[in-house]
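First up is the structure itself, then whatever we jot down about it.
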Amino acid sequence: MREQQCDYVLKTASERGVRMVRLWFTDVLGNLKSFAISQNELENALNDGMTFDGSSIDGFSRVQESDVLAIPDPDTFQILPFGDKDAAEARVFCDIHHLDGSAFTGDPRQVLRRHVEAARDEGLTFYIAPDIEFFYFTPPQPGERPAPLDFGGYFDLTTRDVTGDLRKQTIRTLEQIGIPVEYSFHEDSPSQQEIDLRHDDALTIADSVMTFRHVVREVAAAHGVYATFMPKPLEGVQGSGMHTHLSLFTGDENAFYDEADEYNLSPLAKSFTAGLLQHAAEITAITNPTVNSYKRLVPGFEAPVHLSWARNNRSGLIRVPIPKRGNPLATRLEYRSPDPSCNPYLAFSLMLAAGLKGVREGYELPAEADANLFELDDKALGKLGIGQLPQSLSEALYVMERSELVHEALGEHIFEWYVRNKRREWMDYKTHVSQFEIDRYLGTL
Amino acid sequence: MTQSESGTLLVVGDQISTELARTLDLSGRTWHDIRFSDQSLSTIPDSHWVGAIIDLSADPEAGWSVARNLRRTDRDPIRTLVLVSGAQLSELEHRDDLFDDFCLTPFHPTELEARVAHLLASAGPVATKSEVVMYENLALNLETYQASVSDQPLDLTYMEYELLKFLVQNPGKVFSREMLLSRVWGYDYYGGARTVDVHVRRLRAKLGEEHADLIQTVRSVGYRFGRSRWKA
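These protein sequence lines map, in sequence, to chains W and A.
Position one of the first sequence corresponds to residue 1 (our numbering), numbered consecutively onward.
Position one of the second sequence corresponds to residue 1001 (our numbering), numbered consecutively onward.
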């Protein structure tokens, strides 16, 4: 199969006159990295990979083993619809290897590949559909607050809607490169958009999220505006999340579906949900990776705070949507805490690992929390046995550091580097004296 | 003996039956066998074969994968005869592009001998079908792997291209997901029929709003390519 794919890629590149092929991969923090090769080098790259010095990539090599090998995944070769029509450019995602050919432990794509393949060995395919939120702003001057482009709200159809046009063009570009969109609309906050991708296997979707963030920014930049996946850019309005719909299939059967159950959930779905709930706090430093992420996870803005699940209660961490027409194939979980600044490869790996741990060890699913949890006080929540997500990056790191599950799922290399890097981010934040403090204390203390 | 008949015949199978070996030897053929389990299978040299016999009866999946490999466009096409049992005849459906002739097993030595002679006598370039397949303003160039709609290039991945090629070559027919999976992916693909669904969606996205309905969903059956004649 790989041989035929490579053959196809080479022929396509030459037929379409591709000048540059961008080799894409992702660093540990979730930034898209790229280097370009000419079409002449493509065959060589497909056969033997391209060597590069990984020591300057965040979370990659330690200096003494700095050279790594990027091997293109020919299945992801795609001509990009930007730029000069007469000098087409293409991208291809790469897996990073050590020079001896073994999988490089610092490569997030390889981590997800390992998890997906382990699930596959147990007969399970992992499907994901993410709902991605983001904001458009006029490019801010240094020191200025970001300015929204409109003041629309949820589902608003504003006339001469700039953001609507941007969204439309973004979707057209996404579809052109094979990323089907299910829904899109103006979200709740000024200038905030949501685009929901159709489900696909976990690795494809992680690649799609990386491509998506790039396309959204490209289209925005071409119109002189600024797109951001920062989780909470504006105070007092909703932030941006990446609600993630998860399902597991055994061949053509939805392993989450059980007709006989009152929730239509199979025992596997229940213990998977229980696993996610049980380990949610441990994986939060990955699904919500920045200082700013935790300003979204507060009561009152439709973001989850509590470790609970329910069918149609959007205040919980996990929602089990009621499928249209009771379609068994559509039975799924919606994991609501992640935000779009996360590294999708690592986040999806951990969601799968947490859920499957629940399945393997037969976790019991706690009762559904159908009350609006934001209206209950801590005492009432305690009585229901409902805990909270970490309240800050520091808290999330504290829980992560003690998590065997996360350590094992990410591997020593990424685990150790990530915690060290994020601890430093927290220290930088902690020592910063904010405007809030000046305004509040300077005059009165 | 003509020159094309004097070279070596490639024989691929799970086991090479003594019956097959004897028939080939008795008819004076020079042949070389490779088993499905051999490492060398993935890198069959493409220099000197005059033709190929692939025995599908024990493991059709492996057999088709070899056949597909032999039809890669970057090598000289090799005329191919496949051996199938009577119960496997449906294996041949919608795979016309992968073989030139077939023979039922258990075969009669005289018949196989005659078919091999015929296969080699008609050697020369494999009769390729028209290089460009069209449907309305959608065109697929099978030689260059390029697809276009209204003369605008359609940039597909390999599997998207293979799926579209299969559909365009069989317009108006309804295919189940399982059929598409086995004919386009060649069974060994993991992920089941859902794989077909996600690829159809990606294809529709790339075809764009105007042409997405070229691939129609036939409820609880599968997919059909082409517009309904009643709509036009």
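Backbone N, C-alpha and C fix where the C-beta goes; we use that ideal spot for every residue, glycine too.
Quick caveat, the model's predicted, so the values are computed rather than measured.
Roughly how many whole angstroms lie between the Cα atoms of residue i and residue j?
i, j, result
"Asn-254 (chain W)", "Ala-118 (chain W)", "18 Å"
"Glu-1178 (chain A)", "Trp-1064 (chain A)", "16 Å"
"Leu-445 (chain W)", "Val-209 (chain W)", "47 Å"
"Leu-1009 (chain A)", "Ala-1117 (chain A)", "11 Å"
"Glu-15 (chain W)", "Gln-1146 (chain A)", "8 Å"
"Ala-369 (chain W)", "Gly-355 (chain W)", "19 Å"
"Ala-280 (chain W)", "Arg-2 (chain W)", "37 Å"
"Ile-463 (chain W)", "Gln-176 (chain W)", "Missing from the structure shown is residue 463 (chain W); chain W here goes from 1 to 445 and no further."
"Ile-1216 (chain A)", "Val-1200 (chain A)", "It is worth fixing the name first, because residue 1216 (chain A) is Gln in this sequence and not Ile. If you take the alpha carbons of Gln-1216 (chain A) and Val-1200 (chain A), they lie about 9 Å apart."
"Gly-326 (chain W)", "His-199 (chain W)", "18 Å"
"Met-400 (chain W)", "Tyr-136 (chain W)", "32 Å"
"Leu-968 (chain A)", "Glu-1091 (chain A)", "Given that chain A is displayed from residue 1001 to residue 1232, the structure contains no residue 968 (chain A) and the question cannot be resolved."
"Leu-149 (chain W)", "Ser-1220 (chain A)", "45 Å"
"Leu-373 (chain W)", "Phe-301 (chain W)", "13 Å"
"Val-320 (chain W)", "Ser-337 (chain W)", "14 Å"
"Val-1011 (chain A)", "Tyr-1161 (chain A)", "30 Å"
"Ser-392 (chain W)", "Phe-126 (chain W)", "30 Å"
"Pro-1171 (chain A)", "Val-1132 (chain A)", "15 Å"
"Leu-32 (chain W)", "Cys-342 (chain W)", "12 Å"
"Gln-110 (chain W)", "Phe-1107 (chain A)", "49 Å"
"Asn-40 (chain W)", "Pro-74 (chain W)", "16 Å"
"Thr-105 (chain W)", "His-186 (chain W)", "40 Å"
"Gly-1186 (chain A)", "Ala-1052 (chain A)", "20 Å"
Cα-Cα, which of the options is closest to residue i?
i, options, result
"Arg-402 (chain W)", "W:Leu-174, W:Ile-283, W:Val-433", "W:Ile-283"
"Leu-1154 (chain A)", "A:Asn-1069, A:Arg-1204, A:Glu-1019, A:Val-1184", "A:Arg-1204"
"Asp-100 (chain W)", "W:Pro-142, W:Val-320, W:Phe-135, W:Gly-49", "W:Gly-49"
"Ala-269 (chain W)", "W:Ile-286, W:Phe-229, W:Ser-247", "W:Ser-247"
"Pro-1060 (chain A)", "A:His-1048, A:Thr-1195, A:Val-1082", "A:Val-1082"
"Ser-447 (chain W)", "W:Asp-261, W:Asn-313, W:Phe-52", "Because residue 447 (chain W) is not part of the residues shown, which for chain W are 1 to 445, the question remains open."
"Asn-292 (chain W)", "W:Asp-188, W:Met-230, W:Met-427", "W:Met-230"
"Ser-1037 (chain A)", "A:Thr-1023, A:Ala-1058, A:Leu-1070, A:Ala-1139", "A:Ala-1058"
"Ala-330 (chain W)", "A:Arg-1194, A:Tyr-1223, A:Leu-1164", "A:Arg-1194"
"Leu-277 (chain W)", "W:Glu-235, W:Met-242, W:Leu-352", "W:Leu-352"
"Ala-222 (chain W)", "W:Gly-239, W:Arg-167, W:Ala-202", "W:Arg-167"
"Gly-30 (chain W)", "W:Asp-84, W:Pro-81, W:Phe-212", "W:Phe-212"
Are the Cβ atoms of residue i and residue j separated by less than 7 Å?
i, j, result
"Phe-1166 (chain A)", "Val-1149 (chain A)", "no"
"Phe-134 (chain W)", "Ala-227 (chain W)", "yes"
"Pro-108 (chain W)", "Tyr-345 (chain W)", "yes"
"Ile-171 (chain W)", "Val-181 (chain W)", "yes"
"Asp-1101 (chain A)", "Leu-1120 (chain A)", "no"
"Val-1196 (chain A)", "Leu-1207 (chain A)", "no"
"Pro-1109 (chain A)", "Thr-1030 (chain A)", "no"
"Val-9 (chain W)", "Phe-77 (chain W)", "yes"
"Ala-202 (chain W)", "Val-116 (chain W)", "yes"
"Val-1168 (chain A)", "Tyr-1135 (chain A)", "yes"
"Ile-286 (chain W)", "Leu-333 (chain W)", "no"
"Gly-362 (chain W)", "Ser-434 (chain W)", "no"
Kindly indicate which three-state DSSP category residue i falls into: helix, strand or coil?
i, result
"Ser-14 (chain W)", "helix"
"Arg-1224 (chain A)", "strand"
"Met-230 (chain W)", "coil"
"Val-162 (chain W)", "helix"
"Tyr-263 (chain W)", "coil"
"Asp-201 (chain W)", "strand"
"Ile-1078 (chain A)", "coil"
"His-1211 (chain A)", "coil"
"Gly-106 (chain W)", "coil"
"Arg-213 (chain W)", "helix"
"Cys-6 (chain W)", "helix"
"Glu-253 (chain W)", "strand"
"Ala-1127 (chain A)", "Because Ala-1127 (chain A) carries a pLDDT of 47, less than 50, the predicted location of this residue cannot be relied on, and the following value inherits that uncertainty. Looking at Ala-1127 (chain A) - three-state DSSP - the assignment turns out to be coil, as it is neither helix nor strand."
"Ile-318 (chain W)", "strand"
"Met-427 (chain W)", "helix"
"Lys-1173 (chain A)", "coil"
"Lys-33 (chain W)", "strand"
"Ala-391 (chain W)", "Residue 391 (chain W) is actually Gln in this sequence, not Ala. Three-state result, Gln-391 (chain W): coil."
"Leu-444 (chain W)", "Strictly speaking, residue 444 (chain W) in this sequence is Thr, with Leu absent from that position. Looking at Thr-444 (chain W) - three-state DSSP - the assignment turns out to be coil, as it is neither helix nor strand."
Relative to the ligand COA, is the shortest distance from any of its heavy atoms to the C-beta of residue i smaller than 6 Å?
i, result
"Pro-366 (chain W)", "The model on display carries no ligand, and the ligand COA is accordingly not part of it."
Would a check of beta-carbon distances place residue i closer than 7 Å to chain B?
i, result
"Gly-178 (chain W)", "Among the protein chains in the structure shown, which are W and A, there is no chain B."
Item to complete: Please list the residues of the region 1161-1180 of chain A that have a C-beta atom closer than 8 Å to any C-beta atom in chain W, keeping them in chain order.
Response: Listed by position along the chain: Tyr-1161, Arg-1177.
Worksheet item: Closer than 9 Å, Cβ to any Cβ of chain A: which residues of the region 173-197 of chain W, in chain order?
Response: So the close ones are Leu-174, Glu-175, Gln-176, Ile-177, Gly-178, Ile-179, Pro-180, Val-181.
Worksheet item: What residues in the region 1094-1112 of chain A have a beta carbon less than 9 Å from any beta carbon of chain W?
Response: Answer set for the region 1094-1112 of chain A: empty.
Worksheet item: Which residues, in order along the region 11-45 of chain W, keep a beta-carbon less than 7 Å from a beta-carbon of chain A?
Response: Going along the region 11-45 of chain W in chain order, one finds Lys-11, Thr-12, Glu-15, Arg-16 with a Cβ nearer than 7 Å to chain A.
Practice prompt. Quick one: which residues of the region 73-90 of chain W get their C-beta closer than 9 Å to a C-beta of chain A? List them in chain order.
Written response: Against chain A - using a Cβ distance shorter than 9 Å - the residues of the region 73-90 of chain W are Pro-74, Asp-75, Thr-76, Phe-77, Gln-78, Ile-79, Leu-80, Pro-81, Ala-88, Ala-90.
Item to complete: Compile a chain-ordered list of the residues in the region 124-137 of chain W whose CB is closer than 8 Å to at least one CB of chain A.
Response: The residues in question are Thr-125, Tyr-127.
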